[in-house]
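Protein chains in written order, with this note's numbering: chain V, 157 to 630; chain R, 157 to 630. Down below is the structure, laid out as structure tokens.
Protein chains: 2
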Amino acid sequence: MADLPAKANGFIDWYLAVVEAANLTDKRYGVKGMNVWTPYGFLARRALDAVMVREIEATGSHPVEFPALIPQTEFQKEAEHIKGFTTQVYWVTRGGATELDVPLVLRPTSETAMYPIFHLWIRSHRDLPLNVYQIVNTFRYETKTTRPFLRVREIHFFEEHTCQSGDDQATARVASNLGAFRRMAEALAVPYVALRRPDWDKFPGAFYSIALDIPVGEARTLQIGTIHHYRENFSRPYEIEYETPDGGKAFVHQTTFGLSERLLGAVVAVHGDDRGAVFPPSVAPYQVVIVPISGKGGNLPAQFAERLGKRLRDRGLRVHVDTSEDRPGAKYYRWEIAGVPLRLEIGPREAEAGTATAVDRLGHRSVIGPADLETEVERTLEGFRGALFEKALSAFRGAFEVATHLDQLRDSTKVRVLAWCGQEACGHQIEKAIDGALLGLPEEELPIPLGDPGPCIGCSSTAGTRWALASRPL
Amino acid sequence: MADLPAKANGFIDWYLAVVEAANLTDKRYGVKGMNVWTPYGFLARRALDAVMVREIEATGSHPVEFPALIPQTEFQKEAEHIKGFTTQVYWVTRGGATELDVPLVLRPTSETAMYPIFHLWIRSHRDLPLNVYQIVNTFRYETKTTRPFLRVREIHFFEEHTCQSGDDQATARVASNLGAFRRMAEALAVPYVALRRPDWDKFPGAFYSIALDIPVGEARTLQIGTIHHYRENFSRPYEIEYETPDGGKAFVHQTTFGLSERLLGAVVAVHGDDRGAVFPPSVAPYQVVIVPISGKGGNLPAQFAERLGKRLRDRGLRVHVDTSEDRPGAKYYRWEIAGVPLRLEIGPREAEAGTATAVDRLGHRSVIGPADLETEVERTLEGFRGALFEKALSAFRGAFEVATHLDQLRDSTKVRVLAWCGQEACGHQIEKAIDGALLGLPEEELPIPLGDPGPCIGCSSTAGTRWALASRPL
């Protein structure tokens with residue numbers, strides 16, 4: 157296997173090589189941008205789904221699933237929304253040999269699938285809040301270059317849709333989503349910024365959009381999630397009304413929260429290094445790989461490896477015992493590229509003593525056991541997650557840099573932090589200067605020390621300026 | 157809420173009413189036959205998926221996911237197969253405003269999506285067996301009457317696809333699938349028959365098909381799963397070849413194993429009664445509902461109910477504490493229709509004593525606790541599953557009846573067991589006589605005592621006759 161390109165020499169080339177070498181996906185399927193989830197990649201996806209399910213259900217959201225096909229008639233009810241998607245959807249026009257009377261859209265997102273049913277489900281204030289989510293695949297007729305996990309045509313997608321009794325309740329749901337995302341990102345050990353997008357960059361139909369972005373080297377960022385407040389923008393056309401406690405009628409206020417397989421791309425992007433992928437234990441396809449080394453020990457190492465594998469699986473860990481005929485060095489190399497958090501080497505000495513030589517993916521080596529071996533493995537994995545998060549946070553902190561003049565933006569090698577007055581004209585000046593996007597206003601404290609923003613980098617006005625971020629989105 | 161129709165007065169009317177009353181699905185979506193998985197129904201589906209995943213992975217199968225869209229060019233490679241599906245598929249013909257060069261089929265099943273990739277994955281005998289499965293939605297442009305879970309246009313589908321080195325290995329995989337299904341069916345407490353379908357009724361492209369059928373009243377049966385042996389019927393057109401140990405080339409032998417949301421329909425069909433759905437604990441959306449009854453006890457029952465709910469959830473149980481404002485009787489009624497296996501009533505006395513009055517969905521009542529209350533709940537649930545299975549087995553045994561003359565078939569009120577010589581002409585005579593289908597030859601012992609089959613019910617020949625089943629498939 158050829159060496160990987162260096163991450164520092166260009167993110168995308170490195171990223172594509174790592175995804176390929178780790179065998180997370182197969183891009184050779186007959187439709188460009190629709191990739192195959194390999195057995196190894198699928199395990200990561202399943203683990204990611206489990207993290208999302210755990211955190212969203214902890215906030216009182218319920219799983220549902222709506223159909224993948226949406227009648228054109230429903231799809232077109234919200235004008236802004238359809239405008240945003242009209243060039244990006246797949247159309248089903250035939251069933252068997254029959255032309256369909258009403259063409260069907262393969263869902264790009266499910267507002268227009270769900271909201272006609274919400275209209276039926278919601279009658280009274282007692283039906284609120286309605287917090288439901290689904291994890292499904294969505295489809296975009298993507299004409300730009302596709303990239304595994306980052307930009308694909310069939311997207312593994314998480315979407316929460318909620319109905320609230322009013323603006324305040326919807327704002328509270330947005331805050332709850334931000335909290336759920338914080339816990340998901342901690343599980344993935346991925347630091348991020350939450351930014352309120354400028355008006356010209358919000359989701360079609362949204363009142364406002366909060367995006368979750370990560371820096372991915374140079375001045376580049378990757379959007380890995382969004383939370384939208386719709387107010388009544390959808391509930392009016394879809395007539396999602398309820399009877400208030402005093403007997404009146406009101407439209408619900410709606411929110412959505414969207415995540416996708418991009419989170420896996422983010423995990424690769426943030427943690428991967430020049431030796432391959434690096435998975436945090438939460439989403440690692442295998443959290444532990446056990447490599448028996450026979451030598452003069454005969455079958456003992458292999459037997460102990462199998463027994464240990466079973467003991468760890470009984471603790472709920474994802475474990476692979478590599479009994480292939482390759483040399484140990486080849487196995488180490490393979491599972492290093494594949495990003496396995498923890499390797500346990502079992503030689504004759506370990507098999508004899510009931511211990512294991514543990515080597516984590518950051519290269520830390522220790523001998524664990526024989527007492528409490530399973531607990532030691534769990535503790536080592538948790539320590540690894542912590543170390544990975546620290547490493548990621550340190551890189552994250554170094555990824556931002558303040559700019560005080562527009563002409564500094566052209567040569568940005570970091571995500572730029574700048575003062576903005578909030579006017580659209582200045583925003584567009586900034587976007588032109590950096591040849592990218594004004595990402596918006598932080599919803600939470602930024603990871604670098606910042607004083608007063610001072611004058612707007614565009615118009616030099618000092619009135620109402622705030623710190624904003626600008627980058628070249630991937 | 158109106159009373160349910162009696163199950164004995166007609167299966168389908170009763171079935172539709174129960175599915176509706178239990179709120180497992182919403183049929184009011186804008187495309188007929190594409191239904192919404194409600195929060196309650198989705199929990200059953202998720203639990204069903206977990207049963208399938210557990211049992212198939214225990215047999216060494218790995219999860220994958222292939223794209224939902226299949227290029228027409230790939231879809232058409234296996235002639236028999238495409239012929240079987242040509243009137244039943246949805247076609248995507250447009251992306252945005254652009255006509256696609258190659259139309260895409262929304263997968264009705266994934267042979268033609270997977271096999272071009274299997275061609276790339278398999279090189280050597282060391283790559284075999286390849287056992288992979290996916291749980292995805294498939295699509296059929298169904299023109300018959302649609303029924304929730306039983307006949308829908310977007311189908312929640314389980315499909316295993318395997319490649320084996322030869323016929324024997326493929327036959328062994330079929331046997332392994334039968335074993336996995338037996339364990340799944342035990343978890344669902346659903347008795348079934350496994351039948352090798354007659355040649356004229358096998359899956360398009362299969363060498364032979366084994367179907368899993370259940371009786372659903374009168375002479376009706378429901379097919380709830382299939383296992384196919386393809387031999388080289390797909391591996392030749394898709395060129396799935398491997399290098400044998402002696403350096404030669406051979407085509408793989410393939411098998412598939414298909415299940416779907418019909419299993420949920422089967423659960424409703426088999427266990428449900430005139431008072432609603434009845435779920436075995438394995439797939440019950442809520443395994444336990446706790447109903448606090450305040451009375452003079454003030455808040456104590458509600459507080460104990462919440463604490464008990466948490467303790468049971470910590471044991472991994474799916475628990476709902478019904479703190480709504482309805483009267484206890486209304487709650488009992490609601491959760492009975494919904495099919496919850498076990499209701500725990502907590503009145504002031506129970507709250508005081510740390511006990512619960514347990515009433516299972518078959519009406520058995522007991523007081524459990526205060527010692528080992530959680531364990532008692534688990535034991536009660538397991539006892540309930542056993543009782544449910546016994547009840548189902550008893551009905552199952554009564555659902556079959558031997559027929560010795562063709563004219564007995566016309567008035568069949570049970571699934572018919574009859575002697576068949578194996579000739580197609582006799583098979584068609586039987587199908588005409590019962591106005592249904594010859595289901596095929598049992599792969600396992602039938603649940604009624606049977607002697608020698610005697611002469612064929614069609615031609616009266618005694619040569620090579622075997623017991624076969626005939627019914628009117630739903």
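Using N, Cα and C, we set each Cβ at its ideal position, and we do this for glycine too.
In the DSSP assignment, what residue or residues form a beta bridge with residue i?
{"i": "Y246 of chain V", "result": "V:L262, R:G251"}
{"i": "P227 of chain R", "result": "R:L260"}
{"i": "R307 of chain R", "result": "R:R303"}
{"i": "F241 of chain R", "result": "DSSP, once it has assigned bridges, lists no residue as partnering F241 of chain R."}
{"i": "G522 of chain R", "result": "It is worth fixing the name first, because residue 522 of chain R is Ser in this sequence and not Gly. According to DSSP, S522 of chain R bridges with R:A514."}
{"i": "L286 of chain V", "result": "V:C319"}
{"i": "I291 of chain V", "result": "V:F314"}
{"i": "I446 of chain V", "result": "V:V477, V:L500"}
{"i": "L544 of chain V", "result": "Its beta-bridge partners do not exist; DSSP assigns none."}
{"i": "T531 of chain V", "result": "Looking at the DSSP assignment, T531 of chain V forms no beta bridge with any residue, so it has no partner."}
{"i": "W193 of chain V", "result": "V:T181, R:E221"}
{"i": "R628 of chain V", "result": "V:R376"}
{"i": "G432 of chain R", "result": "R:D429"}
{"i": "S113 of chain V", "result": "Any property of residue 113 of chain V remains undetermined from this structure, which presents chain V solely from 157 to 630."}
So residue i packs on residue j, CB below 8 Å; how close in whole Å?
{"i": "A514 of chain R", "j": "R505 of chain R", "result": "At roughly 14 Å, the Cβ-Cβ gap does not stay under 8 Å, so A514 of chain R and R505 of chain R are not in contact."}
{"i": "V447 of chain V", "j": "I524 of chain V", "result": "About 15 Å separates the two Cβ atoms, so there is no contact after all."}
{"i": "R469 of chain V", "j": "P497 of chain V", "result": "With a Cβ gap of about 16 Å, R469 of chain V and P497 of chain V do not count as contacting."}
{"i": "R541 of chain V", "j": "A336 of chain V", "result": "19 Å between Cβ atoms; not a contact."}
{"i": "E316 of chain V", "j": "N333 of chain V", "result": "7 Å"}
{"i": "P371 of chain R", "j": "F552 of chain R", "result": "7 Å"}
{"i": "V174 of chain R", "j": "V426 of chain R", "result": "So it is not a contact: roughly 12 Å between Cβ atoms."}
{"i": "V529 of chain R", "j": "A512 of chain R", "result": "The residue asked about is misnamed: residue 529 of chain R is Leu in this sequence, not Val. Contact flag correct, Cβ pair sits at about 7 Å."}
{"i": "V444 of chain R", "j": "L473 of chain R", "result": "6 Å"}
>> Residues of the stretch 215-246 of chain R in Cβ contact with chain V at a cutoff of 8 Å, in chain order, please.
In response: H218, P219, V220, E221, F222, P223, A224, L225, I226, P227, T229, E230, T242, T243, Q244, V245, Y246
> At what residue ranges does the stretch 309-361 of chain V contain a whole run of the alpha helix (DSSP H), taking only runs of 4 or more?
Replying inline: 323-344
>> Would the stretch 187-204 of chain V count as touching the stretch 429-442 of chain V if we require 3 or more Cβ pairs under 8 Å?
In response: yes
>> Residues of the stretch 461-486 of chain R in Cβ contact with chain V at a cutoff of 8 Å, in chain order, please.
In response: none
>> Within 8 Å, do at least three Cβ pairs link the stretch 404-416 of chain V to the stretch 326-333 of chain V?
In response: yes
>> Check whether the stretch 584-598 of chain R and the stretch 350-366 of chain R are in contact - that is, three or more C-beta pairs closer than 8 Å.
In response: yes
> Between the stretch 267-299 of chain V and chain R, which residues of the former have CB atoms less than 7 Å from a CB of the latter, in chain order?
Replying inline: P272, I273, L276, V288, N293, Y297
> Do the stretch 225-243 of chain R and the stretch 268-277 of chain R touch if we need at least three Cβ pairs shorter than 8 Å?
Replying inline: yes
> Can at least three beta-carbon pairs, one atom from the stretch 289-304 of chain V and one from the stretch 218-226 of chain V, be found at a separation below 8 Å?
Replying inline: yes
>> Suppose only complete runs of 3+ residues qualify. What are the beta strand (DSSP E) ranges in the stretch 356-430 of chain V, listed by chain order?
In response: 364-371, 376-387, 397-399, 405-407, 409-416
>> If the cut-off is 9 Å on Cβ atoms, which residues from the stretch 180-192 of chain V count as contacting chain R, listed in chain order?
In response: D182, R184, Y185, G186, V187, M190, N191, V192
> Along the stretch 246-258 of chain R, what residues have a CB closer than 7 Å to any CB found in chain V?
Replying inline: Y246, W247, V248, T249, R250, G251, G252, A253
>> Three or more C-beta pairs under 8 Å: does that hold for the stretch 375-385 of chain V against the stretch 417-436 of chain V?
In response: yes
>> Which residues of the stretch 399-413 of chain R have a Cβ closer than 9 Å to any Cβ of chain V? Give them in chain order.
In response: none
>> For the pair the stretch 358-371 of chain R and the stretch 379-397 of chain R, tell me if three or more CB-CB distances fall below 8 Å.
In response: yes
> How about the stretch 614-623 of chain V and the stretch 562-579 of chain V: do they share at least three Cβ pairs that are nearer than 8 Å?
Replying inline: yes
> If you scan the stretch 548-624 of chain V from start to end, which runs of the beta strand (DSSP E) of 3 or more residues do you find wholly inside it?
Replying inline: 556-558, 571-576, 593-598
> Counting Cβ pairs, one atom from each stretch, are 3 or more of them under 8 Å apart for the stretch 180-191 of chain R and the stretch 302-310 of chain R?
Replying inline: yes
> Would the stretch 243-259 of chain V and the stretch 206-213 of chain R be scored as touching if the rule is three or more Cβ pairs under 8 Å?
Replying inline: no
> Looking at chain V, which residues of the stretch 303-328 of chain R have a Cβ within less than 7 Å of any of its Cβ atoms?
Replying inline: E310
> Taking contact to mean at least 3 C-beta pairs separated by less than 8 Å, is the stretch 559-567 of chain R in contact with the stretch 581-592 of chain R?
Replying inline: yes
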